[in-house]
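Heads up: the sequence shown begins at 0 in numbering that gives the first Met the number 0, then just goes up one per residue. All C-beta atoms in this analysis are idealised placements derived from N, C-alpha and C, irrespective of residue type, glycine included. Scroll down for the structure; my scribbles are underneath it.
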Amino acid sequence: MSRYFAPGNAAEAAELLRTTPGARVVAGGTDLVVAARGGKHPLPEVLVALHRVPELARVRETEAGIILGALTTHTWVERSGLVRSRWSALADAAAMIGSPATRSTGTIGGNLMNASPAMDLGSPLLVLDATVELRRTGGTRALTVAELLAGPGRTTAAPDELLSSVRIPAPVPGTGSAYIRLEHRRAMEIAIVGAAAALRFDSRGEIVAARLALTAAAPVCLRVPAAEAGLLGRRLDAEALAAAGRAAVAAVRPISDVRASADYRRAMTAVVVARALTLAARRAAAGSSVPGPDHPPTATGSVQ
Ligand SMILES: Cc1cc2nc3c(=O)[nH]c(=O)nc-3n(C[C@H](O)[C@H](O)[C@H](O)COP(=O)(O)OP(=O)(O)OC[C@H]3O[C@@H](n4cnc5c(N)ncnc54)[C@H](O)[C@@H]3O)c2cc1C
Numbered sequence: 000m001s002r003y004f005a006p007g008n009a010a011e012a013a014e015l016l017r018t019t020p021g022a023r024v025v026a027g028g029t030d031l032v033v034a035a036r037g038g039k040h041p042l043p044e045v046l047v048a049l050h051r052v053p054e055l056a057r058v059r060e061t062e063a064g065i066i067l068g069a070l071t072t073h074t075w076v077e078r079s080g081l082v083r084s085r086w087s088a089l090a091d092a093a094a095m096i097g098s099p100a101t102r103s104t105g106t107i108g109g110n111l112m113n114a115s116p117a118m119d120l121g122s123p124l125l126v127l128d129a130t131v132e133l134r135r136t137g138g139t140r141a142l143t144v145a146e147l148l149a150g151p152g153r154t155t156a157a158p159d160e161l162l163s164s165v166r167i168p169a170p171v172p173g174t175g176s177a178y179i180r181l182e183h184r185r186a187m188e189i190a191i192v193g194a195a196a197a198l199r200f201d202s203r204g205e206i207v208a209a210r211l212a213l214t215a216a217a218p219v220c221l222r223v224p225a226a227e228a229g230l231l232g233r234r235l236d237a238e239a240l241a242a243a244g245r246a247a248v249a250a251v252r253p254i255s256d257v258r259a260s261a262d263y264r265r266a267m268t269a270v271v272v273a274r275a276l277t278l279a280a281r282r283a284a285a286g287s288s289v290p291g292p293d294h295p296p297t298a299t300g301s302v303q
């Protein structure tokens with residue numbers, strides 16, 4: 000039988016994690032509770048629920064970018080006109096998660112801290128240079144997303160640390176970003192493999208900034224520095240796309256599982272990379288109005 004706490008602020012939540020052996024945070028519960036019900040893991044002995052902590056649900060836009068509280072839901076991200084226009088890859092990914100019910104319950108903090116290699120927000124946050132704030136009694140620290148993710152189901156956060164927020168810097172004007180995933184069906188499914196890209200071009204149409212990251216292709220979502228370096232100074236033509244695909248395939252370490260074989264994942268990596276780079280380039284040229292894979296052209300979103 001689990002013990003259950005619902006603290007009213009983040010300091011109290013952090014103190015419960017510090018002082019109560021076996022305590023684990025529950026946010027939306029769409030990973031933790033669903034996995035327990037499915038018999039994957041028992042429920043933790045002590046649950047520290049965050050839903051009564053308003054400061055963790057706060058979204059702040061600053062000149063430097065945006066700070067999303069850990070409890071920001073996928074629905075909020077998906078519908079935010081601000082996120083869709085400035086950090087399009089993240090909005091693309093949020094719109095693909097699970098079902099409307101999953102998206103309105105699941106949180107950005109839970110997606111990151113669950114640390115699934117197939118998490119949809121990981122690669123977009125990597126290409127957008129996001130950092131997370133971890134809070135414990137007595138202090139906070141900031142980590143890049145790459146520093147946070149340690150392996151399947153593992154992060155570098157200590158058991159008494161709470162993920163309090165995700166900070167995403169303002170993109171340099173002219174940057175376009177996108178996230179593409181391969182899936183067996185549109186809803187209630189996770190990625191077979193996915194790719195996020197962010198690109199910026201100079202006035203001659205040559206790439207001056209490139210970021211590329213992969214989902215469900217290795218033990219953690221990961222950037223592909225060799226592909227990024229190879230894109231700089233060139234146009235995004237067929238040869239550039241093929242070279243980026245080859246560099247990405249060389250970087251992956253996929254597994255075979257119920258969704259796909261490792262060989263299929265490897266082959267499809269080049270496909271999602273080309274599609275993500277192409278969509279990012281179109282957005283860099285034409286703006287975020289270029290719809291994402293799950294965004295019908297007429298859909299509009301607004302900051303709530
Ligand atoms: C039907 C279904 C479909 C899904 N589809 C997708 C999908 O397409 N793509 C995808 O990426 N995911 C998918 N998921 C997984 C899940 O919905 C997301 O990962 C979601 O973002 C998890 O957030 P949560 O708030 O529900 O996390 P929880 O289940 O509450 O927590 C998950 C883990 O993170 C820890 N945690 C949560 N918040 C914090 C915090 N602030 N600080 C420290 N630790 C914390 C918990 O202790 C737990 O270990 C799906 C789940 C379901 C049930």
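When DSSP reads this structure, arginine 2 sits in a beta bridge with Val45. Here tyrosine 3 is exposed. Its C-beta has fewer than 16 other C-beta atoms within 10 Å.
According to the DSSP assignment, arginine 85 belongs to no beta strand (DSSP E) but to the alpha helix (DSSP H) extending over 80-85. Leucine 221 places its beta carbon less than 9 angstroms from that of alanine 212. Beta-bridge partners of threonine 61 (DSSP): Gly64. Just so you know, the alpha carbons of alanine 22 and valine 45 end up roughly 4 angstroms apart. Nearest Cα to glycine 28 within the set His50, Ala285 and Val126: His50. When the beta-carbon positions are compared, aspartate 91 and proline 292 come within less than 9 angstroms of each other.
Secondary structure of glycine 286 (DSSP, three-state): coil.
In the structure shown, the three-state DSSP call for arginine 203 is coil.
Remark: the shortest separation between the CB of asparagine 110 and any heavy atom of ligand 1 falls under 8 angstroms.
Between proline 53 and serine 1, the CB-CB gap reaches or exceeds 9 angstroms. Set against 8 angstroms, the gap from the CB of leucine 125 to the closest heavy atom of ligand 1 is not smaller. DSSP places serine 163 within a strand segment (E or B) once states are collapsed to three.
Here threonine 143 carries a strand assignment [DSSP, helix/strand/coil].
Apart from the 5 residues on each side of it in sequence, glycine 204 sits with its Cβ closer than 6 angstroms to the Cβ of Arg234 in its chain, given in chain order. In terms of side-chain proximity, the C-beta atom of arginine 153 is found no nearer than 8 angstroms to any non-hydrogen atom of ligand 1. In the same chain as alanine 194, and ignoring 5 residues on each side of it, the C-beta atoms closer than 6 angstroms to its own belong to Ile179, Leu213, Val271, Val272 and Ala275, in chain order.
Secondary structure note for alanine 12: its alpha helix (DSSP H) is the uninterrupted segment 9-18.
The beta-carbon distance between serine 176 and glycine 68, rounded to whole angstroms, is 22 angstroms. This is too long to meet the 8 angstroms contact definition. Taking non-hydrogen atoms of ligand 1 into account, the C-beta of serine 98 is found less than 8 angstroms away from one of them. C-alpha of arginine 245 to C-alpha of serine 122: approximately 18 angstroms in a straight line. Only residues of its own chain outside the window of five on either side were considered, and among them Leu133 have a CB closer than 6 angstroms to the CB of alanine 156, listed in chain order. In the assembly as shown, aspartate 30 is a buried residue. Its beta-carbon has 16 or more other beta-carbons within 10 Å. Between methionine 112 and threonine 154, the C-beta gap is smaller than 9 angstroms, which places the two residues in contact. For valine 271, the shortest C-beta to heavy atom distance toward ligand 1 is 8 angstroms or greater. Burial check for arginine 252: the Cβ neighbour count within 10 Å stays below 16, so the residue is exposed.
Between alanine 209 and glutamate 227, the C-beta spacing is below 9 angstroms.
Each residue's CA atom was taken as its position, placing arginine 166 and glycine 152 some 22 angstroms apart. Comparing alpha-carbon positions, the option among Val24, Leu55 and Arg83 lying closest to proline 290 turns out to be Arg83.
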